[in-house]
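> Okay, handing you the structure first.
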Amino acid sequence: MFSLLRRRTQTSEGGLALERGALGLPQGGGRLECQVVDPVRVPLQASVTVLDQEGRPTAEGSTDPYGLFSAAVPPGDYVMSVVCDGFQPRQVPVQVLAGARASTGVIELAVAPLPPTPGPGLWDIDPDHTAIRFVARHLGLAEIHGRFNRFSGHLWIADRMREAQIEVYIEAESIDTGVPSRDGHLRSPDFLDVAAYPDLIFTGSDFVHRGGSHWTVTGALELRGVCRTVRLDTTYLGLRTGMEGETRAACKAVTELHREDFTLTWQKMLTRGIAAIGSTIQIELDIQVVQMSQPTGRLPGV
Numbered sequence: 005m006f007s008l009l010r011r012r013t014q015t016s017e018g019g020l021a022l023e024r025g026a027l028g029l030p031q032g033g034g035r036l037e038c039q040v041v042d043p044v045r046v047p048l049q050a051s052v053t054v055l056d057q058e059g060r061p062t063a064e065g066s067t068d069p070y071g072l073f074s075a076a077v078p079p080g081d082y083v084m085s086v087v088c089d090g091f092q093p094r095q096v097p098v099q100v101l102a103g104a105r106a107s108t109g110v111i112e113l114a115v116a117p118l119p120p121t122p123g124p125g126l127w128d129i130d131p132d133h134t135a136i137r138f139v140a141r142h143l144g145l146a147e148i149h150g151r152f153n154r155f156s157g158h159l160w161i162a163d164r165m166r167e168a169q170i171e172v173y174i175e176a177e178s179i180d181t182g183v184p185s186r187d188g189h190l191r192s193p194d195f196l197d198v199a200a201y202p203d204l205i206f207t208g209s210d211f212v213h214r215g216g217s218h219w220t221v222t223g224a225l226e227l228r229g230v231c232r233t234v235r236l237d238t239t240y241l242g243l244r245t246g247m248e249g250e251t252r253a254a255c256k257a258v259t260e261l262h263r264e265d266f267t268l269t270w271q272k273m274l275t276r277g278i279a280a281i282g283s284t285i286q287i288e289l290d291i292q293v294v295q296m297s298q299p300t301g302r303l304p305g306v
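In terms of this note's numbering, the sequence shown opens at residue 5 and continues consecutively.
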């Protein structure tokens with residue numbers, strides 16, 4: 005067996021490869037390859053799915069930093085489906101033969117058109133179609149999921165999107181993890197101390213386009229009387245017309261908070277030094293805003 009692993013053979017490209025049957029091509033299989041680039045030939049880290057003739061995924065993965073993807077598959081006819089955020093997806097047919105390599109060559113993705121951004125003016129957060137959720141780690145194992153049920157906010161879009169501003173007020177008392185005793189503890193001075201600090205307040209004033217549908221919104225989060233800078237990794241979802249003819253815009257955003265940054269330092273250590281609650285909290289936002297009738301105005305206090 006060891007001699008088999010040591011045996012090598014020349015590949016058609018002139019390099020060295022482990023002999024088939026060890027770590028080379030599987031017996032009776034073939035290999036397909038491609039490189040994914042943008043319109044100026046810069047490699048892209050894209051998602052690639054190899055679909056069979058029935059449309060079922062046979063192999064999937066991501067290209068490497070050089071835009072390369074390779075997979076060993078049974079012989080047959082396939083379609084390589086290539087997706088990369090900010091670019092138009094492509095599907096490329098390819099035939100794979102047993103014991104051979106098949107290449108689609110370079111797959112160039114065209115830039116996808118950007119969705120229109122919200123127009124200038126005042127937009128209100130719609131609480132009925134918005135969710136503010138969080139995830140915390142319990143005992144280093146399971147995740148605790150929760151949400152805030154009551155909040156309000158406004159978004160002011162300036163003539164330049166970079167100068168947009170957002171203000172959100174979250175009622176701390178509305179925290180909800182589905183367990184009344186746990187929610188009561190989270191409202192206590194050990195955590196949110198809702199009697200002394202009834203609101204969590206986020207004010208954002210720096211909207212930076214990161215390419216495609218990705219933005220970074222930077223602002224200040226005030227929690228328990230402590231103010232810290234927070235950056236929201238935001239995916240813009242576009243504009244739609246609502247059922248009553250109103251204009252709506254939507255986005256998803258995530259960020260990670262460190263409890264100690266906001267003096268949320270209560271902790272119970274269990275045996276073997278295991279913490280009851282993790283030190284970080286993942287925040288997940290699904291936001292819809294509705295354009296107000298007046299075209300001008302500014303956020304209260306701005």
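Even glycine gets a Cβ: it sits at the ideal position worked out from N, Cα and C.
(1) What does the Cβ neighbour count give for Pro316, buried or exposed, with the cut at 16 atoms within 10 Å?
(2) Restricting to Cα atoms, I'd like to know which of Pro79, Thr67, Leu55, Ile205 is closest to Gln31.
(3) From the DSSP output, which residues share a beta bridge with Phe206?
(4) Please classify Ala176 as buried or exposed, where buried requires at least 16 neighbouring CB atoms within 10 angstroms.
(5) Could you give the uninterrupted runs of the alpha helix (DSSP H) lying entirely in the region 96-174, keeping only those of 4 residues or more?
(6) Looking only at DSSP bridge pairs, what is Ala63 linked to?
(7) For a test of the three-state rule: what should DSSP assign to Asp237, helix, strand or coil?
(8) Under 7 Å Cβ to Cβ from Arg214, same chain only, skipping five residues before and after it: list those, please.
(9) Give me the DSSP bridge partner(s) of Gly3.
(10) Check whether the region 103-122 and the region 67-87 are in contact - that is, three or more C-beta pairs closer than 8 Å.
(11) When DSSP builds the beta bridges, which residues end up paired with Phe73?
(12) Looking only at its chain, what residues have a beta carbon closer than 7 Å to the beta carbon of Ala200, apart from the 5 residues adjacent to it on each side?
(13) Helix, strand or coil for Asp265, going by three-state DSSP, please let me know.
(14) With DSSP run on the structure shown, which of helix, strand or coil describes Asp290?
(15) Considering only their Cβ atoms, is the gap separating Gly157 from Val172 smaller than 9 Å?
(16) Looking at the unbroken alpha helix (DSSP H) that takes in Pro184, where does it start and where does it end?
(17) By Cβ distance below 7 Å, which residues in the same chain neighbour Leu196 in space, the five residues on each side in sequence not counted?
(18) Since Thr181 and Ile148 are thought to touch, with beta carbons under 8 Å apart, how far apart are those beta carbons, to the nearest angstrom?
(19) Based on the DSSP secondary-structure assignment, which residues constitute the bridge partners of Thr220?
(20) What is the DSSP secondary structure of Arg276, reduced to helix, strand or coil?
(21) Classify Ser283 as helix, strand or coil using the three-state DSSP reduction.
(22) Buried or exposed for Met247, please, with buried defined as at least 16 other CB atoms from any protein chain shown within 10 angstroms of its CB.
(23) So Gly125 and Ile161 are in contact, right, with Cβ under 8 Å, and what is the actual spacing, rounded?
(24) Whole angstroms are fine: how far does the CA of Glu112 sit from the CA of Thr67?
(25) Strictly by DSSP, which residues pair up with Val44?
(26) Nearest-angstrom Cα distance between Ser107 and Met84?
(27) Would Thr284 and Glu260 be called neighbours here (beta carbons separated by less than 9 Å)?
(28) So, is Gly150 buried or exposed, given that buried needs 16 or more other C-beta atoms within 10 angstroms?
Per the coordinate set shown:
(1) Past the boundaries of the shown model lies residue 316; the chain is included only from 5 to 306, so the question cannot be answered.
(2) The residue given as residue 31 occupies position 27 in the sequence shown. Comparing Cα positions, the closest option is Pro79.
(3) Counted from its first residue, the sequence shown places residue 206 at position 202. Answer is Val172, Leu225, bridged to Phe206.
(4) Locating residue 176 in the sequence shown gives position 172, where the first residue counts as 1. Looking at its Cβ environment, which holds 16 or more other Cβ atoms inside 10 Å, Ala176 is buried.
(5) none
(6) The count along the sequence shown starts at 1 and reaches residue 63 at position 59. Answer is Val54, bridged to Ala63.
(7) Position 233 of the sequence shown, counted from the start, is the residue given in the question as residue 237. DSSP places Asp237 in strand when its eight states are reduced to three.
(8) Translated into positions along the sequence shown, residue 214 becomes position 210. Taken in chain order, the residues that qualify are Thr220.
(9) Absent from the structure is residue 3, since the part of the chain shown begins at 5 and ends at 306.
(10) yes
(11) For this step, residue 73 is matched to residue 69 along the sequence shown. Answer is Cys38.
(12) Your numbering for residue 200 matches position 196 in the sequence shown. Around Ala200: no qualifying Cβ.
(13) Numbered from its first residue, the sequence shown carries residue 265 at position 261. Of the three classes helix, strand and coil, the one that applies to Asp265 here is helix, per DSSP.
(14) Position 286 of the sequence shown holds residue 290. Strand, per DSSP.
(15) Counting from 1 along the sequence shown, the entry for residue 172 is found at position 168. Counting from 1 along the sequence shown, the entry for residue 157 is found at position 153. Result yes, Cβ atoms of Val172 and Gly157 sit closer than 9 Å.
(16) Taking the first residue of the sequence shown as position 1, residue 184 is located at position 180. Start and end: 184-191.
(17) Position 192 of the sequence shown holds residue 196. The residues are Ala176, Ile179, Leu190, Arg228.
(18) Counting from one through the sequence shown, the residue named residue 181 turns up at place 177. Counting from one through the sequence shown, the residue named residue 148 turns up at place 144. About 6 Å separates the two Cβ atoms, so the contact holds.
(19) Counting from 1 along the sequence shown, the entry for residue 220 is found at position 216. According to DSSP, Thr220 bridges with Val212, Asp237.
(20) Position 272 of the sequence shown, counted from the start, is the residue given in the question as residue 276. Here Arg276 scores only 49 on pLDDT, less than 50, and its place in the model is too uncertain to base an answer on.
(21) Counted from its first residue, the sequence shown places residue 283 at position 279. Three-state result, Ser283: strand.
(22) Residue 247 sits at position 243 when you count from the first residue of the sequence shown. Per the 10 Å Cβ criterion, exposed.
(23) The sequence position of residue 125 within the sequence shown is 121, counting from 1. The sequence position of residue 161 within the sequence shown is 157, counting from 1. Confirmed, about 6 Å.
(24) Along the sequence shown, one-based indexing puts residue 67 at 63. Along the sequence shown, one-based indexing puts residue 112 at 108. Whole-angstrom Cα-Cα distance: 13 Å.
(25) The residue given as residue 44 occupies position 40 in the sequence shown. Paired residues: none, contrary to the question.
(26) Position 103 of the sequence shown, counted from the first residue, corresponds to residue 107. Position 80 of the sequence shown, counted from the first residue, corresponds to residue 84. Straight-line Cα distance between these residues: approximately 11 Å.
(27) Indexing the sequence shown from 1 puts residue 284 at position 280. Indexing the sequence shown from 1 puts residue 260 at position 256. Taking 9 Å as the Cβ cut-off, Thr284 and Glu260 qualify as a contacting pair.
(28) Here residue 150 refers to the residue found at position 146 of the sequence shown. With 16 or more Cβ atoms within 10 Å of its Cβ, Gly150 is classed as buried.
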